[in-house]
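Presented below is the structure to which this report refers.
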């Protein structure tokens with residue numbers, strides 16, 4: 106998601122900050138992107154990089170509730186290694202880091218490079234028969250008529266036909 110967070114997302118995120126402040130020694134929001142958390146038994150703070158939109162995704166989409174999502178954030182903060190001062194959100198997960206940004210995912214880098222080298226696309230489409238043999242190797246999907254013909258021939262008969 107992009108763009109500005111909704112008022113509801115901001116209010117839910119501010120409730121997260123307040124809950125973290127109750128649980129930790131302190132939690133202070135910095136803009137709508139960072140929460141500076143001071144934990145007991147730890148020198149220095151951990152900077153939680155989690156926007157209102159990120160929190161909305163964690164609480165709603167991934168964990169289904171603010172309570173379950175808060176437990177995950179709290180547990181991630183409690184497990185944070187002492188030598189890493191940042192906890193960074195990426196794709197519905199929190200990752201310990203020495204810096205505010207995570208290094209690029211190697212798989213994403215590979216995909217980006219493939220797309221740069223092959224702007225027309227890359228890869229091959231395959232269809233397999235019921236016996237596991239390859240039926241169609243195509244640089245693009247087979248024409249709809251050919252796919253329909255193959256599908257019709259290989260479908261199980263209607264159980265009512267017996």
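Residue numbers (this note's numbering): 106 to 267.
From the three backbone atoms N, C-alpha and C, an ideal C-beta is built for every residue, glycine too.
These numbers come from a predicted model, not from an experiment.
Reduced DSSP secondary structure (H/G/I, E/B, other) of residue i
| i | result |
| --- | --- |
| residue 223 | coil |
| residue 143 | strand |
| residue 211 | helix |
| residue 156 | coil |
| residue 161 | helix |
| residue 176 | helix |
| residue 199 | strand |
| residue 111 | coil |
| residue 122 | helix |
| residue 129 | coil |
| residue 116 | helix |
| residue 183 | helix |
| residue 206 | coil |
Nearest neighbour of residue i, chosen from the options [CA to CA]
| i | options | result |
| --- | --- | --- |
| residue 169 | 130, 197 and 144 | 197 |
| residue 207 | 189, 236 and 117 | 189 |
| residue 122 | 185, 203 and 171 | 171 |
| residue 141 | 147, 154 and 148 | 154 |
| residue 124 | 204, 174 and 112 | 174 |
| residue 185 | 116, 114, 131 and 146 | 146 |
| residue 164 | 199, 135, 136 and 187 | 199 |
| residue 158 | 112, 205, 149 and 131 | 112 |
| residue 114 | 144, 166 and 131 | 166 |
| residue 179 | 205, 132, 236 and 234 | 132 |
| residue 316 | 143, 218 and 110 | With the chain covering 106 to 267 only, the question about residue 316 has no answer from this structure. |
| residue 226 | 234, 143, 232 and 217 | 217 |
Residue i and residue j closer than 9 Å at C-beta
| i | j | result |
| --- | --- | --- |
| residue 201 | residue 183 | no |
| residue 151 | residue 192 | yes |
| residue 129 | residue 119 | no |
| residue 212 | residue 187 | no |
Those residues which DSSP pairs with residue i across a bridge
| i | result |
| --- | --- |
| residue 150 | 143 |
| residue 135 | 139 |
| residue 239 | 233 |
| residue 192 | 153 and 201 |
Supposed contact pair residue j and residue i - C-beta distance, whole angstroms, cut 8 Å
| i | j | result |
| --- | --- | --- |
| residue 161 | residue 117 | 6 Å |
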